[in-house]
Amino acid sequence: MTTIADRLALAQQRIAQAAQKSSRNPSEIKLVAVSKTKPDADIAAAYLAGQRSFGENYVQEGVLKAEALKTSCPDIEWHFIGPLQSNKSRMVAEHFDWMHTLGSDKLARRLASQRPAGMAPLMVLIQVNISEEDSKSGVEPAAIASLADSICALPTLALRGLMAIPAATDDEVRARSELAAMKSLFEALKQSHGERAQIDTLSMGMSGDLELAIDEGSTLVRIGSAIFGERDYSHG
Ligand SMILES: *Cc1c(COP(=O)(O)O)cnc(C)c1O
Numbered sequence: 001m002t003t004i005a006d007r008l009a010l011a012q013q014r015i016a017q018a019a020q021k022s023s024r025n026p027s028e029i030k031l032v033a034v035s036k037t038k039p040d041a042d043i044a045a046a047y048l049a050g051q052r053s054f055g056e057n058y059v060q061e062g063v064l065k066a067e068a069l070k071t072s073c074p075d076i077e078w079h080f081i082g083p084l085q086s087n088k089s090r091m092v093a094e095h096f097d098w099m100h101t102l103g104s105d106k107l108a109r110r111l112a113s114q115r116p117a118g119m120a121p122l123m124v125l126i127q128v129n130i131s132e133e134d135s136k137s138g139v140e141p142a143a144i145a146s147l148a149d150s151i152c153a154l155p156t157l158a159l160r161g162l163m164a165i166p167a168a169t170d171d172e173v174r175a176r177s178e179l180a181a182m183k184s185l186f187e188a189l190k191q192s193h194g195e196r197a198q199i200d201t202l203s204m205g206m207s208g209d210l211e212l213a214i215d216e217g218s219t220l221v222r223i224g225s226a227i228f229g230e231r232d233y234s235h236g
């Protein structure tokens, strides 16, 4: 039987090999373990194996886990990676360290005003709709700079970069072109806002496309099923 620790080690190996193949330093690429729908015990197992950054998609579920694991896994860094309704922003502001899916000025201002004074600034990434699908969340590339301006004016938020969920496709050419477009937008953001913010994070790549994403310049991969196994949504 493979354990979570084994699969975590395999994921780290895939990242290291992909980095090497692309002549990149593996230490530039952060692994966020996506634990959505998985029980606290699975997170604790990954923690015990050395993993510290975890990603959750559903606010309530994430907050419950953060509370439950506060004592046994004290230095977890929680990443919110799901779509966020503005009426739930307070839970993200109060319980998460990173927010990957910021897509509006209004949400930025809410999160900023709700971030507790005693906490470090909330690290934020602007989600970009790179696949030009109407159904996708995220801002259009042309709107990145003005949203970045707004975030930089909010001291309780720290802009760190961009995030994208490329179209699900078997077409490697299309996948690469979306990932490469994100890399260009990321470089442009460094140019335009690098003096006002520490722009160092490009969040792209999941279990199925982490090698491609690393080859195209990702600095943070979000890996779920390759570590925790397939998700089962059937019993609520
Ligand atoms: C679920 C999810 C992941 C992880 O996907 P896997 O294919 O299980 O690795 C990564 N990013 C986001 C935004 C997700 O919702």
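Residue numbers for the sequence shown follow full-length UniProt numbering, beginning at 1 and rising by one.
Glycine is no exception: its CB is placed at the ideal position from the N, C-alpha and C atoms.
The beta carbon of Asp209 sits closer than 7 Å to those of Ala175, all from its chain and outside the five residues before and after it, given in chain order.
Beta-bridge partners of His79 (DSSP): Gly55, Trp98. Just so you know, the alpha carbons of Lys30 and Trp98 end up roughly 13 Å apart. Counting of Cβ neighbours within 10 angstroms places Arg231 among the exposed residues, the total staying below 16. The bridge partners DSSP lists for Gln198 come to none. Per the C-alpha coordinates, the member of Pro121, Ser89, Ala46, Leu212 positioned closest to Glu178 is Leu212.
Bounds of the beta strand (DSSP E) holding Ala158 are 157-163.
In this structure, the straight-line span from the alpha carbon of Pro74 to that of Glu67 is close to 10 Å.
Beta-bridge partners of Gln17 (DSSP): none assigned. Here the alpha carbon of Ser203 sits roughly 6 Å from the alpha carbon of Leu162.
In terms of side-chain proximity, the C-beta atom of Ala41 is found no nearer than 7 Å to any non-hydrogen atom of ligand 1. Spatial neighbours of Ile227 in its own chain (CB-CB distance under 6 Å, excluding positions within 5 residues in sequence) are listed in chain order as Arg7, Leu8, Ala11, Ala33.
Per DSSP, reduced to three states, the secondary structure at Ala213 is helical.
Measuring C-alpha to C-alpha distances from Gln17 to each of Tyr233, Gly229, Ile214 identifies Ile214 as the nearest. For Arg174, the enclosing alpha helix (DSSP H) has its first and last residue at 172-193. In this chain, Arg231 is not harboured by any alpha helix (DSSP H), its DSSP state being neither H nor E.
Lys36 carries a coil assignment under DSSP once its states are collapsed to helix, strand and coil. The C-alpha of Trp78 is placed about 11 Å away from the C-alpha of Met123. A direct Cα-to-Cα measurement between Leu111 and Gly118 gives close to 15 Å. Taking C-alpha positions only, Lys106 is separated from Thr3 by approximately 42 Å. Distances from the CA of Gln85 to each of Ala181, Thr201, Gly55, Gln60 were compared; the closest alpha carbon is that of Gln60.
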